[in-house]
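Trainee: Okay, here's the structure, questions in a sec.
Numbering (the UniProt record's numbering), first residue to last: 1 to 447.
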């Protein structure tokens, strides 16, 4: 029996809950969940020595001649899967991926986030995030036939998706993932479930679980859930607004300053952090918005930001300062509104944090806010002609900015940076060679 308390809990729970399979979860570079099942008798050895697998089969991992990888389960992430039978139950643990000599594998997205979070800790901060993930329900994976015609916060007696959301929330809570609230979004059959903020690594695990649970519950009800950024041209896209803050080790919010002369209750640290996000957002866009389809959402006239801007009440800016409880320290945070739910959360949270910390390190000056201007109504080209900086207009533009970014190379490591440059250039070239209907055919059934 292991002396590690978390591992001891896993072994006891496996026995008491009749768990016959434990799934080891990790993601490839693009954020696709990967998994293999381990029987209980192998868990002791897995905790001690990892479980081997062929890394050459995983997108973005390694070449065939360097394919041997080990998955080390994180016992603190153990949960029984509530949508599987109670008899002969199935559980899961997220894993760290390592090389045969025991080193963390540089292509493991979870390790990239852990490394960036550790840098924040070295600076005296804990990074907390709270994402808002939007998605659509469709009749099936073959098209975009919606289940309802509701709008923002709508509730009707025929809102079948309310049952879907309810079952999803209950399942998430059974897995120890707290939900703040859920509601119908702007688009027909579009919905949102918001997770209670926590530290970034736990939240990235929760986001991966959330996306799987949404799809599993939808499948159980005979429908299809999609996290595609822009599945329908004439309807709102789906975003992943990410609320974020830095706390010190005593539990104080480093973003909060009640004496802020601008009245936003933001500290100097917070303002430098926002300045870092605004400066580096074009460079990390290929991570937070990684598909051709992502840029169909980031368009003028839509409800997603394109202009490098910030404000409090203006929801058309890239960064917003939520003002629901302005005098509460624990509620002080910033919201980045450009990411979409198809992003790999490990890499997305890592590049956001890296950009913000770079702003703090370099004491970047924050530009004036944009409170009284509807930026959704201004075409990107008009903004650029007026001297305003914007997010990339396409995946092609985004990948070239990313390729030249030293901060992105440093944050993600040479392995992931090089892979994303090559993969996204190829994707963009493929798209340009066959534009018609390419995005939906390529993405709808997988995102």
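In this text, a Cβ means the ideal position worked out from N, Cα and C, and glycines have one as well. Computed from a predicted model, the values in this text were never measured in an experiment.
Apart from the five residues on each side of it in sequence, which residues of its chain come closer than 6 Å, Cβ to Cβ, to residue 215?
Mentor: Counting only Cβ-Cβ distances below 6 Å, and skipping sequence neighbours, we find 225.
Trainee: Compute the Euclidean distance between the alpha carbons of residue 330 and residue 429, then round it to the nearest angstrom.
Mentor: Taking the straight line joining both Cα atoms gives about 46 Å.
Trainee: At what residue ranges does the UniProt domain "GS beta-grasp" (17-102) contain a whole run of the alpha helix (DSSP H), taking only runs of 4 or more?
Mentor: Correct list: 43-49.
Trainee: Mind checking residue 157: buried by the 16 CB within 10 Å criterion, or exposed?
Mentor: Summary for residue 157: the model assigns pLDDT 45, below 50, so the residue's position carries little reliability; its value from the coordinates is reported in the next sentence. Exposed: under 16 other Cβ atoms inside 10 Å.
Trainee: Flag this pair as touching only if the region 336-347 and the region 91-107 have three or more C-beta atom pairs under 8 Å; answer yes or no.
Mentor: No, because fewer than three Cβ pairs between the region 336-347 and the region 91-107 fall closer than 8 Å, the two stretches do not touch.
Trainee: Any beta carbon of chain C sitting closer than 8 Å to that of residue 360?
Mentor: Absent from the structure is chain C; it holds one protein chain and no more.
Trainee: Pick out whichever of 390, 271 and 315 has its Cα sitting closest to the Cα of residue 245.
Mentor: Ranking 390, 271 and 315 by Cα distance to residue 245 puts 271 first.
Trainee: Buried or exposed: which applies to residue 64, given that a residue is buried once 16 or more other Cβ atoms fall within 10 Å of its Cβ?
Mentor: Its pLDDT being 45, under 50, residue 64 is placed unreliably in this model, and the coordinates cannot settle the point.
Trainee: Going by C-alpha distance, which of 209, 205, 161 and 132 is nearest residue 180?
Mentor: Nearest option by C-alpha distance: 132.
Trainee: Report, in whole angstroms, the separation of the C-beta atoms of residue 7 and residue 75, which I expect to be a contact under 8 Å.
Mentor: Confirmed, about 4 Å.
Trainee: So who's on the other strand from residue 280, going by DSSP bridges?
Mentor: Its beta-bridge partners do not exist; DSSP assigns none.
Trainee: Among the residues of its own chain, which have a CB less than 6 Å from the CB of residue 52, if the five just before and after it don't count?
Mentor: Closer than 6 Å at the Cβ level, and outside the excluded window around residue 52, lie 70.
Trainee: Please state if the CB of residue 395 and the CB of residue 292 are separated by a distance shorter than 8 Å.
Mentor: Yes; because the gap between Cβ atoms is below 8 Å, this pair is in contact.
Trainee: Along the chain, where does the beta strand (DSSP E) containing residue 225 start, and where does it finish?
Mentor: Per DSSP, residue 225 belongs to the beta strand (DSSP E) from 224-226.
Trainee: Provide the residue span of the alpha helix (DSSP H) that contains residue 396, from first to last.
Mentor: Unbroken alpha helix (DSSP H) run through residue 396: 395-403.
Trainee: Going by DSSP, what residue range makes up the beta strand (DSSP E) through residue 335?
Mentor: First-last of the beta strand (DSSP E) with residue 335: 334-336.
Trainee: Thinking C-alpha only, which one of 250, 273, 134 and 411 is nearest residue 165?
Mentor: Of the listed residues, the one whose Cα sits closest to residue 165 is 134.
Trainee: May I have the straight-line CA-CA distance separating residue 186 from residue 36, to the nearest angstrom?
Mentor: If I take the Cα positions, the gap works out to 37 Å.
Trainee: I want to know whether the region 403-411 touches the region 344-354 - three or more CB-CB distances under 8 Å.
Mentor: Yes, the region 403-411 touches the region 344-354.
Trainee: Classify residue 344: buried if its beta carbon has 16 or more other beta carbons within 10 angstroms, exposed otherwise.
Mentor: That one is buried.
Trainee: Using 8 Å as the Cβ pair cut-off and three pairs as the minimum, do the region 231-242 and the region 251-260 touch?
Mentor: Segments in contact, no.
Trainee: From the DSSP output, in three-state form, read off residue 217 for me.
Mentor: The answer is helix: DSSP assigns residue 217 an H, G or I state.
Trainee: Alpha helix (DSSP H) containing residue 416: first to last residue?
Mentor: Segment 406-433, the alpha helix (DSSP H) holding residue 416.
Trainee: So which of 269, 229, 44 and 5 has the shortest CA-CA distance to residue 288?
Mentor: Comparing Cα-Cα distances from residue 288 to each of 269, 229, 44 and 5, the minimum goes to 229.
Trainee: For residue 237, name the three-state secondary structure that DSSP assigns.
Mentor: Here residue 237 sits in coil by DSSP.
Trainee: Alpha carbon to alpha carbon, what distance is there between residue 405 and residue 425?
Mentor: Taking the straight line joining both Cα atoms gives about 15 Å.
Trainee: Beta-carbon within less than 7 Å of residue 77's beta-carbon, same chain only, minus the 5 sequence neighbours each way: which residues are those?
Mentor: Contacts found: 93, 94 and 205.
Trainee: Could you compute how far the alpha carbon of residue 267 sits from the alpha carbon of residue 422?
Mentor: So the alpha carbons of these two residues sit roughly 39 Å apart.
Trainee: Could you check the C-alpha separation between residue 4 and residue 110 for me, to the nearest Å?
Mentor: Roughly 22 Å between the two C-alpha positions.
Trainee: Helix, strand or coil for residue 14, going by three-state DSSP, please let me know.
Mentor: Residue 14 falls in the helix class under three-state DSSP.
Trainee: How big is the Cα-Cα spacing for residue 500 and residue 20?
Mentor: One cannot answer for residue 500 here, as it falls past the ends of the chain, which runs 1 to 447.
Trainee: If you measure between the beta carbons of residue 310 and residue 278, is that distance less than 8 Å?
Mentor: Yes, they are a contact pair.
Trainee: From residue 217 to residue 257, what does the alpha carbon distance come to, in whole angstroms?
Mentor: Between residue 217 and residue 257, the C-alpha separation is close to 42 Å.
Trainee: Pick from 97, 28 and 32: whose alpha carbon is nearest that of residue 212?
Mentor: Nearest option by C-alpha distance: 32.
Trainee: Please name the residue, chosen from 443, 286 and 308, that lies closest to residue 419 on a Cα-to-Cα basis.
Mentor: With distances taken between Cα atoms, residue 419 lies closest to 286.
Trainee: Just to confirm my understanding: we take residue 282, look at its own chain, exclude 5 residues before and 5 after, and list those with CB closer than 7 Å. What are they?
Mentor: Here the set comprises 391, 392 and 401.
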